[in-house]
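In our numbering, the protein residues as written are 82 to 498.
The beta-carbon is built from N, C-alpha and C at its ideal position, and this holds for glycine as well.
Inspection log for the structure reproduced underneath, given as structure tokens.
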Amino acid sequence: MADASLNPYLRAQQAFKEAVDTLGLEPGVYELLKQPLRFYEVAVPFIRDDGTLQVFPGYRSHHNDALGPTKGGLRFHPDVNADEVKALSMWMTVKCALLGLPYGGGKGGIACDPEQLSEHELERLSREYIRGIALVIGPDKDIPAPDVSTNPQIMAWMVDEYSRIRGENSFGMITGKPLVIGGSQGRLEATGRGLVSAVREMARQVNLDFAKSRVAIQGFGNVGSVAAATAHDMGARVVAVSDKEGGIYNADGLDVPGVLAYKQVHRNVVGFPGAEPVSNHDLLELPCDILLPAALENVITADNADRIQARIVGEGANGPTTPEADQILFEKGVLVVPDILANAGGVTVSYFEWVQNQSRWYWTEAEVDERLHQMMGAAIEAMHEMHERYGVSHRRAAYLVAVDRIASAMRVRGWLK
Ligand code: GLU
């Protein structure tokens, strides 16, 4: 039998099943949630710089659209496959419902290695993918965004291709765009800032003052570096950070602006003066109050969960904690701020971007940050209420909030009978 803890699709199904059972909902809710409503597989042909034709498999999943058009990123990665895309779209359904966004969950991707492609090849591939799925996306149908190895430039090619097909500028069809063509202030920073905002709120509930805490961060990319800068600005002591090459540790706190500047020059954080080296593995077990895994999945496992010293784990990455480790942390009394809340800042500011595109009225960065903070706060409150009512972990409680909302929408829309 397949190991449910390793296959994200089976894990997502299991989480929906548990939530439907706990809430005592009609079985039809699970029948509708256990797979995407629609799933597209497209061949993406494009011409390489040497004139040869190459075809990569591409996918787009519309998991559930009871609450609104489907929404979620596009990843370019060699490991992209149908099950992964389906699972990621299911997690998007949960994130959007938990945050109260008027969206369902979607996700897509191309199984390719973008590091092997030239800039021109990447552009042709991005445009061909949009041609392949143009009929099933749109501002009121399904709205893609960046994810692993995709960025604002790729979104720009995609919005351009879609707009040419439609014969009109359609900025609201994708989010995470460059500012000059309808991007939002604060979108690039949104996931890292949302992570800190969620963790700070949750810390208050266990009487931990975020501003006086010691924070260790695994990953110094888009999420980890922004989280480090935000935590530092709030007065927290960032004691460790790392990237693919390894990490650095200083019990008295790192000079975060210095590390950011160092990374610009050296492309990684290793060798930063005034800090000890630490491996990515050992970083997780350092003495600290708050641990933010913001890099890879499955890094906190049954093997190391017992040695985690942090009081709070804030999941910046998707799926950094295995289900077994989750249980160990729960029993140890470590507060886990689950990924579906902790990294939902990205999609929340994507929603703001889409609203700005639809209304053609653009907000300041302060307005974006204020509304992001407000929406994360409301999601935490709803999650906390379920946590108290059912005595379950925050991850399970987040599913309860989301599934309850999606089920209500499906019920009033007449999908359940
Ligand atoms: N890819 C991000 C996520 O997984 C953002 C999705 C979006 O902005 O629509 O949450």
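The Cβ neighbour count for GLN266, taken over all protein chains shown within 10 Å, is at least 16; the residue is labelled buried. Boundaries for ASP324: no alpha helix (DSSP H) harbours it, while the beta strand (DSSP E) harbouring it runs 318-324, taken from the DSSP string. Straight-line measurement puts the Cα of ASN379 at about 19 Å from the Cα of ASN303. Of GLY263, TYR90, THR256, GLN286, the smallest CA-CA separation from LEU416 is found for GLN286. In this chain, the alpha helix (DSSP H) harbouring PHE411 covers 404-413.
With distances taken between CA atoms, LEU179 lies nearest to LEU481 out of TRP496, GLY264, LEU481, LYS498. In the DSSP annotation of this structure, ALA215 is not part of any beta strand (DSSP E), being labelled neither H nor E.
Residue pairing of LEU134 in beta bridges, as defined by DSSP: ILE128. Here GLU396 carries a coil assignment [DSSP, helix/strand/coil].
Closer than 7 Å to some heavy atom of the ligand GLU: that describes the Cβ of THR256. In this structure, DSSP gives LEU114 a helical state, which the three-state scheme calls helix. In the three-state DSSP reduction, ILE246 falls in the helix class (H, G or I). Distances between the C-beta of ASN145 and the heavy atoms of the ligand GLU are all 7 Å or more. A Cβ-Cβ contact shorter than 8 Å links ILE421 with LYS176.
About 6 Å separates the beta carbon of GLY189 from that of VAL166, a gap short enough to meet the 8 Å contact definition. If you keep only unbroken alpha helix (DSSP H) runs of at least 4 residues inside the stretch 160-212, you get 163-179.
Counting other Cβ atoms within 10 Å of its Cβ, VAL277 reaches 16 or more and is therefore classed as buried. Cβ neighbours of GLY213 within its own chain (closer than 7 Å, five residues either side excluded): VAL123, VAL125, GLY139. An exposed status is given to ALA447, since fewer than 16 other beta-carbon atoms sit within 10 Å of its beta-carbon. The beta carbon of ARG295 sits closer than 6 Å to the beta carbons of ARG318, VAL320, CYS369, ASP370 from its chain, once the five residues preceding and following it are set aside; these are given in chain order. Short of 6 Å from the beta carbon of ALA100, and not among the five residues preceding or following it, lie these beta carbons of its own chain, in chain order: TYR480, LEU481, VAL484. Counting the other Cβ atoms within 10 Å of the Cβ of LYS258 gives 16 or more, which makes it buried.
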